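K.L.:
In the working numbering, the protein residues as written are 101 to 499.
What follows is a structure written as structure tokens; I'll ask about it next.
Right, dumping it as structure tokens:
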């Protein structure tokens, strides 16, 4: 009897929480209010390392690029420089802002809030449920892909690529879609692979929303839709232009931080398991549920296509040093999963899945892998406060 009473109590608490959230999410600006709350909470749970901004060599090289993009010089000074020769988004931001790092980071954070807003708006469009949307926003805001908009103070720039890829999921104008993809590609080469995930999003959206059958022929038909051709065009234009620039201005340039030497190095493999979890945390539950639904409802051609995409994401992610950053480009699979589940299972069940997902994402510390097995913890506000107090009083508790 006590066991049943405990279950009933937990159910009542969950119902009370749902009612509380629904009562608070009122008014025309409820989604912006939700976005702001989640962003502030995320910042408090993973305070950015702002001191890194002054010591990062990437910002020095970005300034050099902004002054002479095709002849930055000193490529051998630091290993990251060799990877940045075709990453032009941050040099553009540096040029436009007069290399004002504070302003660049503010813009980056604001784009993060817009990223969270657009993702949450899409989930609400799919479900028309404010409580579920709130749970999703809470989970996403404490995931690496969103937190990186705040935590990245070292000049990696992936957040800009994440944002432009998100826009590529929503814009219907072919020209705008092409521009968004190019902006993402010129932020980081990982976005080139992520262009394939944009195609998977448009395939799934067409199949689900237009009530298409999930036969092989319908999947092929959806694959040959306009967005696919735009992505292919964007790939072609970028790769041709890149080949010209590399052969003309960076002839003989090579990359030492990707490929089989990285994949099989012990120090790289030791951080792999951590990154596979920390990149998605509780959202693995969402991905797994969507996969199970596709399998159970015999929509296996789409499931196969998405599994290939996940396989590509993981494979390409482990070929580079910073695995979490690479796996973060797989965020379209989260929206693909919510779209599938919103049309396949009862709303109360879907809401509970997202609720558990959100709890896991919130309580899990933000840890990510950079370089060779260098696991970094973005400390929450109380720990940061204790560290600041330690420095002020000279206790020596922290290094």
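Beta carbons: idealized from backbone N, C-alpha and C, even for Gly.
Note that the structure is a prediction, hence the values are computed from the model and not measured.
Can you tell me whether residue 119 is buried or exposed, with buried defined as 16 or more other CB within 10 angstroms of its CB?
P.N.:
Residue 119 comes out exposed.
K.L.:
Kindly indicate the opening and closing residues of the alpha helix (DSSP H) around residue 271.
P.N.:
Here residue 271 belongs to no alpha helix (DSSP H), and DSSP marks it neither H nor E.
K.L.:
Evaluate the contact criterion for the segment 218 to 231 versus the segment 315 to 334: three or more CB pairs, one atom per stretch, below 8 angstroms.
P.N.:
The segment 218 to 231 vs the segment 315 to 334: no contact.
K.L.:
Helix, strand or coil for residue 185? Go by DSSP, reduced to three states.
P.N.:
DSSP places residue 185 in coil when its eight states are reduced to three.
K.L.:
At what residues does the alpha helix (DSSP H) containing residue 160 begin and finish?
P.N.:
Start and end: 157 to 167.
K.L.:
Flag this pair as yes or no: are the beta carbons of residue 424 and residue 383 separated by less than 8 angstroms?
P.N.:
Their beta carbons are not under 8 angstroms apart, which means residue 424 does not touch residue 383 by this criterion.
K.L.:
Compare the Cα-Cα distances from residue 442 to each of 410, 401, 304, 467 and report the closest residue.
P.N.:
Measuring from the Cα of residue 442, the nearest candidate turns out to be 304.
K.L.:
When DSSP builds the beta bridges, which residues end up paired with residue 469?
P.N.:
In DSSP, residue 469 forms a bridge with 475.
K.L.:
Please report the straight-line C-alpha distance between residue 484 and residue 346, rounded to a whole angstrom.
P.N.:
Residue 484 and residue 346: Cα-Cα distance of roughly 43 angstroms.
K.L.:
Which word fits residue 463, buried or exposed, when buried means at least 16 other C-beta atoms lie within 10 angstroms of its C-beta?
P.N.:
So residue 463 ends up on the exposed side.
K.L.:
From residue 146 to residue 478, what distance separates their C-alpha atoms?
P.N.:
One C-alpha to the other measures close to 5 angstroms.
K.L.:
How is residue 420 classed by DSSP in three states: helix, strand or coil?
P.N.:
Note: residue 420 maps to strand in three-state DSSP.
K.L.:
For the segment 247 to 258 against the segment 404 to 417, do three or more pairs of beta-carbon atoms, one drawn from each stretch, fall closer than 8 angstroms, so that the two count as touching?
P.N.:
Contact between the segment 247 to 258 and the segment 404 to 417 is absent, because fewer than three Cβ pairs lie under 8 angstroms.
K.L.:
Mind checking residue 208: buried by the 16 CB within 10 Å criterion, or exposed?
P.N.:
Residue 208 should be labelled buried.
K.L.:
So, are the CB atoms of residue 435 and residue 307 less than 8 angstroms apart?
P.N.:
No, the pair does not count as a contact, with Cβ atoms beyond the cut-off.
K.L.:
Looking only at C-alpha atoms, which of 220, 340, 178, 187 sits nearest to residue 132?
P.N.:
Of 220, 340, 178, 187, the residue nearest in Cα terms is 220.
K.L.:
Pull up the distance between the alpha-carbon of residue 282 and that of residue 186, whole angstroms please.
P.N.:
Near 12 angstroms, if we compare the C-alpha coordinates of residue 186 and residue 282.
K.L.:
Below 8 angstroms, how does it come out for the segment 146 to 166 and the segment 259 to 268: are there three or more Cβ pairs, yes or no?
P.N.:
No, because fewer than three Cβ pairs between the segment 146 to 166 and the segment 259 to 268 fall closer than 8 angstroms, the two stretches do not touch.
K.L.:
Could you name the residues of the same chain whose beta carbon sits closer than 6 angstroms to that of residue 148, not counting the 5 residues immediately before and after it, in chain order?
P.N.:
Excluding sequence neighbours, residue 148 sits near 250, 251, 253.
K.L.:
Compute the minimum distance between the beta carbon of residue 224 and the heavy atoms of the ligand COA, and state whether it is under 7 angstroms.
P.N.:
The ligand COA is not among the ligands present in this structure, which contains no ligands whatsoever.
K.L.:
Around the C-beta of residue 165, are 16 or more other C-beta atoms found within 10 angstroms, so that it is buried, or is it exposed?
P.N.:
Its Cβ being crowded by 16 or more others within 10 Å, residue 165 is buried.
K.L.:
Given a cut-off of 8 angstroms on the beta-carbon distance, is the pair residue 190 and residue 450 in contact?
P.N.:
No, Cβ-Cβ distance for residue 190 and residue 450 is not below 8 angstroms.
K.L.:
Return the first residue and the last residue of the alpha helix (DSSP H) that residue 490 is part of.
P.N.:
Unbroken alpha helix (DSSP H) run through residue 490: 481 to 493.
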